[in-house]
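In this note's numbering, the protein residues as written are 104 to 302. The structure under discussion appears below in the form of structure tokens.
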Ligand code: GLN
């Protein structure tokens with residue numbers, strides 16, 4: 104078994120670290136690989152798309168030939184978790200800012216995103232979230248966070264702030280608008296690993 108973390112740009116080492124801690128909590132030790140070029144995604148069993156700058160990330164994924172590999176892997180049912188900018192990339196549709204810049208999206212979830220949904224005043228903040236798959240509140244760190252503002256019926260909403268969806272899943276794809284790798288609470292990494300290990 105092998106989990107890949109896209110390492111083109113952004114919060115990579117934090118995700119690797121959180122995955123390692125979450126795996127050790129479960130008593131599992133499987134390989135975690137960082138991905139900077141094509142050829143590795145097809146050999147992974149799960150994938151994490153970290154936060155960063157979604158415009159840069161999106162175009163580098165296409166340029167490196169990784170974008171198509173991710174789409175193929177997703178179609179085969181590989182569990183994928185996207186956080187923050189990663190959530191933007193998972194979307195099918197973006198706001199006017201995304202459209203204007205012709206940002207490359209992977210189109211793996213039937214959702215529309217607002218790229219900087221919480222505006223300038225709230226560049227970064229923490230919020231206590233009710234997450235439907237967790238049995239107590241989750242303290243989430245948001246940094247220039249996006250949000251899902253529209254979604255199709257088979258998208259399951261896991262958490263919202265007002266009208267903004269900040270955690271959701273559709274089939275094998277899990278999207279979080281915040282940064283689970285920046286807190287010590289590993290429950291959402293564990294939730295993702297439950298899918299990877301099929302339990
Ligand atoms: N708002 C950023 C973007 O559009 C994402 C921020 C993040 O990943 N922390 O790419």
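Here a beta-carbon is modelled for each residue, glycine too, at the ideal position from N, C-alpha and C.
By the criterion of a C-beta distance shorter than 7 Å, residue 217 is surrounded in its chain by 198, 249, 250, 252, once the five residues flanking it on both sides are discounted. In the three-state reduction of the DSSP assignment, residue 115 falls in the helix class. Spanning the alpha carbons of residue 230 and residue 205 requires a straight line of approximately 31 Å. In the structure shown, the three-state DSSP call for residue 206 is coil. Around the CB of residue 287, fewer than 16 other CB atoms lie within 10 Å, so the residue is classed as exposed. In this structure, residue 147 has its CB at a distance of at least 6 Å from all heavy atoms of the ligand GLN. In the structure shown, residue 158 adopts helical secondary structure according to DSSP, grouped into three states. In this model, residue 146 and residue 294 are separated by some 22 Å (Cα to Cα). Inclusion of residue 169 and residue 177 in the CB contact set at 7 Å is not warranted, their separation being larger than that value. Of all residues, those with a beta-carbon under 6 Å from at least one heavy atom of the ligand GLN are 154, 155, 156, 157, 187, 188, 191, 218, 219, 246, 247, 249, reported in chain order.
Rounded to whole angstroms, the separation of the alpha carbons of residue 280 and residue 236 is 16 Å. With at least 16 other beta carbons inside 10 angstroms of its own, residue 154 counts as buried. Rounded to the nearest whole angstrom, the C-alpha separation of residue 129 and residue 302 is 12 Å. Among the bridge pairs identified by DSSP, residue 237 is matched with none.
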